[in-house]
Amino acid sequence: MGDAVAVNLDWAAGTDGRLNFALAALDPVPLRRMLPALQSMDLEVLEEQAGTWTRSDGRICHVYHLLLQPGPDVAEAVARPQADTVDRIRETFQAMWAGRVESDGFNALLLRAALSWRQVTVLRSYSRYLRQLPLPYGQTRIQRVLLDNPAATRALLDLFEARFDRTEQPADSPHRIARITEAEQRVATEIDQVLHIDADRILRSYHNLINATVRTNAFAPDALTVWAPYLVHKLDAQSIDELPQPRPLSEIFVYSPQFEGLHLRFGLVARGGLRWSDRHDDYRTEVLGLVKAQAVKNAMIVPVGAKGVFVVKARPAAGESPRVQGLRSYRQFIAALLDVVDKTAPSDSDDRPRFGGVVCHDGPDPYLVVAADKGTATFSDSANAVALDRGYWMGDAFASGGSAGYDHKAMGITARGAWVSGDTHLAELGIDSAADEFTAVGVGDMSGDVFGNGMLLRPGLRLVAAFDHRHIFVDPQPDTVSARKERQRLFELPQSSWDDYDRSVISIGGGVWPRTAKTIVTTPEMRAALGIDDGEVRLTPTQLISHILRAPVDLLFNGGIGTYIKAADEQHSDIADKVNDPVRVDADAVRARVIVEGGNLGLSQRARIEYARRGGLVNTDAIDNAAGVDCSDHEVNIKILLDSAARSGLLSGNARNRLLADMTDEVAQLVLSNNQAHNRLLSDARSNAAQMVDVHARMTADLEARRGLHRSRENMPSQTEFADLAKGGRGLTAPQLATLMAHVKLDLKAELLSGEMFEDPYFVALLTRYFPPTLRRRLGEPLPEHPLRREIITTSIVNRVLATSGLTFAFRLSEETGATPADIVRAHAVVSEVFDLDTLWSDIYAADLPPALTNAMIIEGRRLLDRAARWFVLNRPQPLEIDAEITRFSNQLAMLRGQLGSMLRGQERDTVLAAHDDLVARGVPADIAARISESLYAFSLLDVIEVAHVHGEDPTALARIYFELSDRLGVDRLLLAVSSLPRGGRWHAQARLALREDLYRSLRDLTIDVTKHGIEGAQAACTIRDFEAYNRPRLDRAKRTLDEFLDAAEPDLAVLSVASAQLRRLHR
1 MGDAVAVNLD WAAGTDGRLN FALAALDPVP LRRMLPALQS MDLEVLEEQA
51 GTWTRSDGRI CHVYHLLLQP GPDVAEAVAR PQADTVDRIR ETFQAMWAGR
101 VESDGFNALL LRAALSWRQV TVLRSYSRYL RQLPLPYGQT RIQRVLLDNP
151 AATRALLDLF EARFDRTEQP ADSPHRIARI TEAEQRVATE IDQVLHIDAD
201 RILRSYHNLI NATVRTNAFA PDALTVWAPY LVHKLDAQSI DELPQPRPLS
251 EIFVYSPQFE GLHLRFGLVA RGGLRWSDRH DDYRTEVLGL VKAQAVKNAM
301 IVPVGAKGVF VVKARPAAGE SPRVQGLRSY RQFIAALLDV VDKTAPSDSD
351 DRPRFGGVVC HDGPDPYLVV AADKGTATFS DSANAVALDR GYWMGDAFAS
401 GGSAGYDHKA MGITARGAWV SGDTHLAELG IDSAADEFTA VGVGDMSGDV
451 FGNGMLLRPG LRLVAAFDHR HIFVDPQPDT VSARKERQRL FELPQSSWDD
501 YDRSVISIGG GVWPRTAKTI VTTPEMRAAL GIDDGEVRLT PTQLISHILR
551 APVDLLFNGG IGTYIKAADE QHSDIADKVN DPVRVDADAV RARVIVEGGN
601 LGLSQRARIE YARRGGLVNT DAIDNAAGVD CSDHEVNIKI LLDSAARSGL
651 LSGNARNRLL ADMTDEVAQL VLSNNQAHNR LLSDARSNAA QMVDVHARMT
701 ADLEARRGLH RSRENMPSQT EFADLAKGGR GLTAPQLATL MAHVKLDLKA
751 ELLSGEMFED PYFVALLTRY FPPTLRRRLG EPLPEHPLRR EIITTSIVNR
801 VLATSGLTFA FRLSEETGAT PADIVRAHAV VSEVFDLDTL WSDIYAADLP
851 PALTNAMIIE GRRLLDRAAR WFVLNRPQPL EIDAEITRFS NQLAMLRGQL
901 GSMLRGQERD TVLAAHDDLV ARGVPADIAA RISESLYAFS LLDVIEVAHV
951 HGEDPTALAR IYFELSDRLG VDRLLLAVSS LPRGGRWHAQ ARLALREDLY
1001 RSLRDLTIDV TKHGIEGAQA ACTIRDFEAY NRPRLDRAKR TLDEFLDAAE
1051 PDLAVLSVAS AQLRRLHR
């Protein structure tokens, strides 16, 4: 279509609006090439004459004369031509001939509404976006409405131009605002005159999209030229009426006759891959499903979720491969995205950005990061080249994984992260994946990154069967060593497949078959390994794959593309993966004990939940394969920091790339530690999910109300279903806990970013620890300023808080005290330091105990964290000065804690000793057992130290009196009874909390009374006896009530309330 032609038009003799059209070309041009372009403008060919003439240089030219008759849509407009009508027809035809304009019915607007081809392209671009929305109208109907309402169409274009032309004027200039106001009035008037409901809806959709557009390149100098043959619109997705939920923060839509693309972002700082799709009609639906998973996956990293997609519409040029054409479209897609984001780094300015050819109706938008995805795995260098050419501030940090970045396949990072989940699950089954042998089936082949690396990372893995889109592999009784060696060979063999597997290594009864085979004969060995009935001696490849998915093995490892397991009550059509409908199985038929999702969307979420309800161990793909995302995020943020260092002269370009490579292992460890933290969190959350189900229900309701969490879309229980879980003594499954965890993280990040600067040195140190030690040593500390400093610190805080305090900590503390998220994370920081909890967590995990015992100790240790954090929120000035609070409490608490065992008396001492001895008997190291068994009594030391500060008393003497009183009055039994009360709903929890706080307060106040009454230097017991003698009547009354309580078999809330009141009355 790019061959040169010359075109001329003039009016034919007469007054019927006919046109003489002439085209000259060096090569013959068939009429069928000219007709679509002319007919798209509603110009019919009545006559054709063809001829030739010879140029002065001897070249023969072919000349075609056509007589054109205006069609019904444009006849009236042609009858009243404007001065530039002929020029507009000629320019539009030439643009179509050059491939810059599509030949469709929109071109009739050229004459019908007196538009230029560029204006028509704007309208066409919006119609292509509307096609991706659930608007029930096709392109033909949209064209018809615009043609039937030329005045409204023209008014819409006027509004678009009022918002975006004259690019030297800022968006908020008075002149522009006045033009927009006037244009809005005209649009409203014209649409109000439309009678048909379909037309009204379509025109209002256009109106809505134009107002939702905040940036466009339509008036940039290069737009719709050979240098930028596309239109790009950045849209405020939240304000698009026809957009289904969930709506991202913004969408960037790119239109070109050659391709279309869409990029969805759920925040200003967002990240996700760009995929090359073949779903032309519903690529937004495709990418929306992926970006929802991406948003959950990105909960652990700095940016929120994003995802991009493009489709190639035109056929490859002669001699051009589809890959070359796709790469060209990809580069143009990247260029278009960069046209409508800021080129410079983030700054503190709130001014609207200004750059050539683009009017910005939104605030600063400097952060755009992309990654490889389906079809674009090798395109990162091309994306970075475009970014560098455009002067984008991120340089080659724009697209992770390029030649100067981290090679995920070489690192095996995604598979290594997936195995963190696999190791955690297998450990619960008593399998040490690093030392023991275990059976597995898989989806994928050894040439793939995730599957290939995954099948090599555990030496004891016995791969019984696997399949990809080409072959089926079965090895019923694999020799562990030789099979792994052969898998290693295939992994290193370029573009290998299962068909390259050495058949001599396969055990008896196994083999490799193409998926195109008509049938496959099953062997006894194959049937035994895969759990196939003896009567099924011949299977189709599809049937055999279904059996592999249902095989009775220890592990199912998904490293492929596709959704292979659904819930029993789901239809295949619900899954939106038609190609795998024949092989997909129901979750209740899966016999693997563990599922690891190295690939995306291997199971539907409902399938995961169903599988977990039956006792299977599974997380979600967002958890299992998050290491790749996390690695890319670290790469981007490290490159930003290194580029800053290079600009300041701390580093040269070559040294920068060497340093990146030197830090590969350290980056991997940082990433895998995050994966480990997530799996530990989910493991302990699952261990007490039934006990916490009411809290999880309230958290879900809160997120639904404040953050728009959609229960059915996220497969979270309704209020009624939560009540049924509680009634049945059940809790959320691991997949649901993973979803809840992601939303908790996203919510906490958003809350903290909305108002907290985190200038405290304690939090600033988290920024430093985010980066590898080698980088810190090379650049020195403090590190150079990072434009995403706040986001990195906030993400690190949120990850740390949840990893060490659990899923419900922040919610419960806010619910119980009304504390802000910032107050909560400060309290968490203080308590973690004062009680040296990080050392405790580290020691517990390093002890390598059975998972159930580890979880039990972690949860018990968190009771101290819960109570102490609540104490700091309620008893110390807010916001907490972290360093000051640590200084005030930590040294004295460490001193007192060292004497705690000798201070406890009676039943309290016996309780601690019994708990300690039980833990030691179960294999817990004595030091850890001591810290866990004493933890709740150590909490009381906060009251002791605070009283000592306020009243100028010796904390050691106070502590002895405190614990002597506690034993004499039976306070510990009261506290245990409070903890045994039914959890129930929120108000039951609040009542328990109030009782507990009342008991601690009464004991603290009574300690002050006794201390004031006592004689300096006297023993605690003597001081208390003196106090008792002086206050005998009050003590006798209280003692009778407390004795009655102690005789009660199961004291309820009323009994405990009375006992607490009696204790409170002892204080004057």
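Reading the sequence shown from the start, the letters are residues 1 to 1068 in the UniProt record's numbering. Glycine included, each C-beta is placed from N, C-alpha and C at the ideal position. Note that the structure is predicted; figures quoted are calculated from it, not measured.
Counting beta carbon pairs with one atom in the region 292-307 and one in the region 394-404, are three or more of them shorter than 8 angstroms?
No, because fewer than three Cβ pairs between the region 394-404 and the region 292-307 fall closer than 8 angstroms, the two stretches do not touch.
Starting from H425 and walking both ways along the beta strand (DSSP E), at which residues does that stretch end?
Residue numbering aside, residue 425 sits at position 425 when the sequence shown is read from its first letter. Per DSSP, H425 belongs to no beta strand (DSSP E); it is in the alpha helix (DSSP H), 413-428.
Relative to the ligand PLP, is the shortest distance from any of its heavy atoms to the C-beta of N453 smaller than 7 angstroms?
Within the structure as shown, the ligand PLP is missing, as the structure has no ligands at all.
If I measure Cβ to Cβ from R706 and keep anything under 8 angstroms in the same chain, skipping five residues before and after, which residues do I get?
Here residue 706 refers to the residue found at position 706 when the sequence shown is read from its first residue. The answer, listed in chain order, is D747.
What are the boundary residues of the beta strand (DSSP E) that includes A440?
On the sequence shown, position 440 is the one that residue 440 refers to. A440 -> beta strand (DSSP E) spans 438-443.
Assign K578 to buried or exposed, taking buried as 16 or more other Cβ atoms, counted over all protein chains shown, within 10 Å of its Cβ.
Here residue 578 refers to the residue found at position 578 of the sequence shown. So K578 ends up on the exposed side.
So for Y845, helix, strand or coil by DSSP?
Translated into positions along the sequence shown, residue 845 becomes position 845. Helix at Y845.
Find out if the Cβ-Cβ distance for the pair G511, N558 is shorter than 8 angstroms.
Taking the sequence shown and counting its residues from 1, one reaches residue 511 at position 511. Taking the sequence shown and counting its residues from 1, one reaches residue 558 at position 558. Against a cut-off of 8 angstroms, the Cβ pair of N558 and G511 comes out as no contact.
Going by DSSP, which residues form a beta bridge with I60?
Along the sequence shown, one-based indexing puts residue 60 at 60. I60 is bridged to T54.
Buried or exposed, going by whether 16 or more other CB atoms sit within 10 Å of the CB of K292?
Mapped onto the sequence shown, residue 292 falls at position 292. So K292 ends up on the buried side.
Please state whether DSSP places P326 in a helix, a strand or coil.
Here the question's residue 326 lines up with position 326 in the sequence shown. A quick correction: the sequence has Gly, not Pro, at residue 326. Helix at G326.
Taking the straight line between their C-alpha atoms, what separation do you get for T378 and R867?
Counting from 1 along the sequence shown, the entry for residue 378 is found at position 378. Counting from 1 along the sequence shown, the entry for residue 867 is found at position 867. Their Cα atoms are separated by approximately 52 angstroms.
For I60 and A4, what's the separation of their Cα atoms in angstroms?
Numbered from its first residue, the sequence shown carries residue 60 at position 60. Numbered from its first residue, the sequence shown carries residue 4 at position 4. Using only the alpha carbons, I get a separation of about 14 angstroms.
How many angstroms separate the CA atom of R613 from the CA atom of M692?
In the sequence shown, the residue the question calls residue 613 occupies position 613. In the sequence shown, the residue the question calls residue 692 occupies position 692. The straight-line gap from Cα to Cα measures roughly 17 angstroms.
For H425 and V594, which I take to be in contact (beta-carbon distance under 8 angstroms), what is that distance rounded to the nearest angstrom?
Against the sequence shown, residue 425 aligns to sequence position 425. Against the sequence shown, residue 594 aligns to sequence position 594. With a Cβ gap of about 4 angstroms, H425 and V594 count as contacting.
Is the beta carbon of S933 sitting closer than 8 angstroms to the one on H916?
Numbered from its first residue, the sequence shown carries residue 933 at position 933. Numbered from its first residue, the sequence shown carries residue 916 at position 916. Contact flag set, yes.
Hey, how far is the Cα of H62 from the Cα of N217?
In the sequence shown, residue 62 corresponds to position 62, counting from 1. In the sequence shown, residue 217 corresponds to position 217, counting from 1. So the alpha carbons of these two residues sit roughly 38 angstroms apart.
Looking at the secondary structure, which residues open and close the beta strand (DSSP E) in which W11 lies?
Walking along the sequence shown from the start, residue 11 turns up at place 11. Unbroken beta strand (DSSP E) run through W11: 5-11.
Along the alpha helix (DSSP H) that carries H949, what are the first and last residues, could you check?
Against the sequence shown, residue 949 aligns to sequence position 949. That run of the alpha helix (DSSP H) goes 941-951.
Per DSSP, which residues does H65 bridge with? Please list them.
Here residue 65 corresponds to residue number 65 of the sequence shown, with the count starting at 1. DSSP, once it has assigned bridges, lists A22, Q49 as partnering H65.
Any chance the region 81-97 sits against the region 107-114, with 3 or more Cβ pairs inside 8 angstroms?
Short answer: they touch.
Contact between the region 645-657 and the region 672-684: three or more CB pairs below 8 angstroms?
The region 645-657, when compared against the region 672-684, does not touch it at the 8 angstroms Cβ threshold.
Tell me whether the beta-carbon of P879 lies closer than 8 angstroms to the beta-carbon of A822.
The residue labelled residue 879 in the question sits at position 879 within the sequence shown. The residue labelled residue 822 in the question sits at position 822 within the sequence shown. For P879 and A822, yes; Cβs fall inside 8 angstroms.
Suppose only complete runs of 3+ residues qualify. What are the beta strand (DSSP E) ranges in the region 432-496, listed by chain order?
Counting only runs of 3 or more, we get 438-443, 461-467, 471-474.
Using a threshold of 8 angstroms, state whether the C-beta atoms of D373 and N384 are closer than that.
Here the question's residue 373 lines up with position 373 in the sequence shown. Here the question's residue 384 lines up with position 384 in the sequence shown. Not in contact: D373 and N384 (Cβ atoms no closer than 8 angstroms).
Rounded to whole angstroms, what is the Cα-Cα separation between Q325 and D449?
The count along the sequence shown starts at 1 and reaches residue 325 at position 325. The count along the sequence shown starts at 1 and reaches residue 449 at position 449. So the alpha carbons of these two residues sit roughly 25 angstroms apart.
According to the Cβ coordinates, are L457 and A415 closer than 8 angstroms?
The residue labelled residue 457 in the question sits at position 457 within the sequence shown. The residue labelled residue 415 in the question sits at position 415 within the sequence shown. Their beta carbons are under 8 angstroms apart, which means L457 touches A415 by this criterion.
By how many angstroms is the C-alpha of I177 removed from the C-alpha of S56?
Counting from 1 along the sequence shown, the entry for residue 56 is found at position 56. Counting from 1 along the sequence shown, the entry for residue 177 is found at position 177. If I take the Cα positions, the gap works out to 57 angstroms.
What runs of the alpha helix (DSSP H), each 4 residues or longer, lie entirely inside the region 122-209?
The qualifying runs are 139-148, 150-164, 174-192.
What are the boundary residues of the beta strand (DSSP E) that includes F355?
By 1-based counting over the sequence shown, the position of residue 355 is 355. From DSSP, F355 is part of no beta strand (DSSP E); its letter is neither H nor E.
Measure the Cβ-Cβ separation of T808 and L874 and say whether it is below 8 angstroms.
One-based indexing of the sequence shown puts residue 808 at position 808. One-based indexing of the sequence shown puts residue 874 at position 874. Cβ distance not < 8 angstroms, so T808 and L874 don't count as in contact.
To the nearest angstrom, how far is it from the Cα of V596 to the Cα of T563?
Working through the sequence shown from its first residue, we reach residue 596 at position 596. Working through the sequence shown from its first residue, we reach residue 563 at position 563. Computed Cα separation, rounded: 13 angstroms.
Quick check on W53: buried or exposed, where buried means 16 or more other Cβ atoms within 10 Å of its Cβ?
Stepping through the sequence shown from its first residue, residue 53 is reached at position 53. That one is exposed.
So, is D665 buried or exposed, given that buried needs 16 or more other C-beta atoms within 10 angstroms?
Position 665 of the sequence shown, counting from 1, holds the residue named residue 665. D665 should be labelled exposed.
Please go through the region 269-330 and give each complete beta strand (DSSP E) segment of 3 or more residues, from N-terminal end onward.
Segments of the beta strand (DSSP E) lying fully in the region 269-330: 270-277, 304-312.
What is the DSSP secondary structure of M1, reduced to helix, strand or coil?
In the sequence shown, the residue the question calls residue 1 occupies position 1. At M1, the pLDDT of 41 sits below 50, so the modelled position is not reliable; the number obtained from the coordinates is stated separately. Reduced to three states, the DSSP call for M1 is coil.
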